[in-house]
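Protein chains in written order, with this note's numbering: chain U, 10 to 126; chain R, 22 to 140.
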């Protein structure tokens, strides 16, 4: 049972380059999320998707775009990477708001460490 | 917007002793979930314990228990009989529950507490 799978695990980009972080889940969850984690800042929500075909901004969406390709996959794109986007990125999935307590936790991928030089 | 505050950047405890990690939050909603996640050096986010806001009873999971004070908006984590494997970053997180056709989703996290276990 793979859970949430992110690729790649590590990436170094030059300023101005673009890239897409891939995420897939096999738990049949409706909701998917992208977070970034910076030292001393905890995890902050970039974008989320409550269902296939819908996406919404989170706390720190600037400089990112997302695509909910289907129920399983949710990708994060950096069109023109900046050093301020150096971070660890996590994808997560869960049942939607309103679910029972046993199904409301978020399941996380292993994270992608991205360095922009 | 909701906020989650963890006021202890770092805590240290002797192996086999008990430690309590603090978390406070701010929300205008009455129905929500609270979580504690553990992040070891492997970076993996692991759920430790969950609590429903409308349940008065404090959640427990083996050596882990919470003290949930809804009126005070406080949600502390107690780890009993601390073990070396408990060493990690611990994050408190909040998620609103009611779904009335809209509204923001996602977990709001605190900045974390680094827990050190002294052998």
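Every residue, glycine too, gets a C-beta built ideally from N, C-alpha and C.
Note that this is a predicted model, so its numbers are computed, not measured.
- Task: Give a yes or no on whether 8 Å exceeds the smallest Cβ distance from residue 126(R) to chain U.
- Result: Here residue 126(R) corresponds to residue number 105 of the second chain, with the count starting at 1. Taking Cβ atoms only, chain U reaches closer than 8 Å to residue 126(R), which makes this a yes.
- Exposed unless 16 or more other CB atoms sit within 10 angstroms - verdict on residue 59(R): On the second chain, residue 59(R) is found 38 positions in, with the first residue counted as 1. Residue 59(R) comes out buried.
- Query: Which one or two residues does DSSP pair with residue 92(U) in a beta bridge?
  - Reply: Taking the first chain and counting its residues from 1, the one referred to as residue 92(U) is at position 83. DSSP links residue 92(U) through a beta bridge to no other residue.
- Query: Any C-beta of chain R sitting closer than 8 Å to the C-beta of residue 36(U)?
  - Reply: Counting from one through the first chain, the residue named residue 36(U) turns up at place 27. So, not an interface residue.
- Message: Measuring straight from C-alpha to C-alpha, what distance separates residue 121(R) and residue 21(U)?
- Response: Along the second chain, read from residue 1 onward, the residue named residue 121(R) stands at position 100. Along the first chain, read from residue 1 onward, the residue named residue 21(U) stands at position 12. Below a pLDDT of 50, predicted positions are generally treated as unreliable, and residue 121(R), at 47, falls in that range; no measurement from the model is reported.
- Query: Helix, strand or coil: how does DSSP classify residue 106(R) here?
  - Reply: Translated into positions along the second chain, residue 106(R) becomes position 85. Helix.
- Message: Suppose contacts are defined by Cβ-Cβ distances below 8 Å. Is residue 30(U) in contact with residue 85(U) by that definition?
- Response: Position 21 of the first chain, counted from the first residue, corresponds to residue 30(U). Position 76 of the first chain, counted from the first residue, corresponds to residue 85(U). For residue 30(U) and residue 85(U), yes; Cβs fall inside 8 Å.
- Item | Test: residue 120(U) CB closer than 8 Å to a CB of chain R | What you label residue 120(U) is simply residue 111 of the first chain in a count that begins at 1. By this cut-off, residue 120(U) is an interface position.
- Message: Since residue 91(R) and residue 114(R) should fall inside the 8 Å C-beta cutoff, what is the C-beta to C-beta distance between them, to a whole number of angstroms?
- Response: As a working mapping, residue 91(R) is identified with position 70 in the second chain. As a working mapping, residue 114(R) is identified with position 93 in the second chain. Contact between residue 91(R) and residue 114(R) does not hold, since their C-beta atoms are separated by about 16 Å, which reaches or exceeds 8 Å.
- Taking the beta strand (DSSP E) that residue 126(R) falls in, what are its first and last residues? On the second chain, residue 126(R) is found 105 positions in, with the first residue counted as 1. Counting along the chain, residue 126(R) falls outside any beta strand (DSSP E), and DSSP gives it neither H nor E.
- Query: Under 8 Å Cβ-Cβ, which residues of chain R neighbour residue 33(U)?
  - Reply: One-based indexing of the first chain puts residue 33(U) at position 24. Within chain R, no residue comes near residue 33(U); the closest Cβ sits about 17 Å away, beyond 8 Å.
- Message: With distance defined between alpha-carbon atoms, name the residue in 130(R), 101(R), 93(R) nearest to residue 68(U).
- Response: The residue given as residue 68(U) occupies position 59 in the first chain. With distances taken between CA atoms, residue 68(U) lies nearest to 130(R) out of 130(R), 101(R), 93(R).
- So residue 52(R) is in the beta strand (DSSP E); what residue range does that whole segment cover? The residue given as residue 52(R) occupies position 31 in the second chain. Per DSSP, residue 52(R) lies in no beta strand (DSSP E) segment and is marked neither H nor E.
- Using a threshold of 8 Å, state whether the C-beta atoms of residue 52(U) and residue 19(U) are closer than that. Locating residue 52(U) in the first chain gives position 43, where the first residue counts as 1. Locating residue 19(U) in the first chain gives position 10, where the first residue counts as 1. No. Outside cutoff.
- Message: Counting only Cβ-Cβ distances shorter than 7 Å, please list the residues of the stretch 55-75 of chain R near chain U, keeping chain order.
- Response: Residues passing the 7 Å Cβ filter: 56, 64, 65, 66, 68, 71, 73.
- Task: Identify whether residue 79(U) lies in helix, strand or coil by the three-state DSSP scheme.
- Result: What you label residue 79(U) is simply residue 70 of the first chain in a count that begins at 1. Residue state, collapsed to three classes: coil.
- Taking only beta-carbon atoms, is residue 132(R) less than 8 Å away from chain U? To locate residue 132(R), count along the second chain from 1; it is residue 111. Judged by the 8 Å Cβ criterion, residue 132(R) is in contact with chain U.
- Are any of the Cβ atoms in chain U nearer than 8 Å to that of residue 96(R)? Within the second chain, numbered from 1, the residue matching residue 96(R) stands at position 75. No, no contact with chain U.
- Task: Under the assumption that residue 97(R) contacts residue 42(R) (Cβ atoms under 8 Å), give the Cβ distance between them as a whole number of angstroms.
- Result: Position 76 of the second chain, counted from the start, is the residue given in the question as residue 97(R). Position 21 of the second chain, counted from the start, is the residue given in the question as residue 42(R). 6 Å between Cβ atoms; contact.
- Look at the alpha carbon of residue 59(U) and the alpha carbon of residue 40(U), and state the distance between them as a whole number of angstroms. Here residue 59(U) refers to the residue found at position 50 of the first chain. Here residue 40(U) refers to the residue found at position 31 of the first chain. Pairing residue 59(U) with residue 40(U), the inter-Cα distance amounts to about 4 Å.
- Item | Separation of residue 63(U) from residue 111(R), as counted between CA atoms | The sequence position of residue 111(R) within the second chain is 90, counting from 1. The sequence position of residue 63(U) within the first chain is 54, counting from 1. Distance between the alpha carbons of residue 111(R) and residue 63(U) is about 31 Å.
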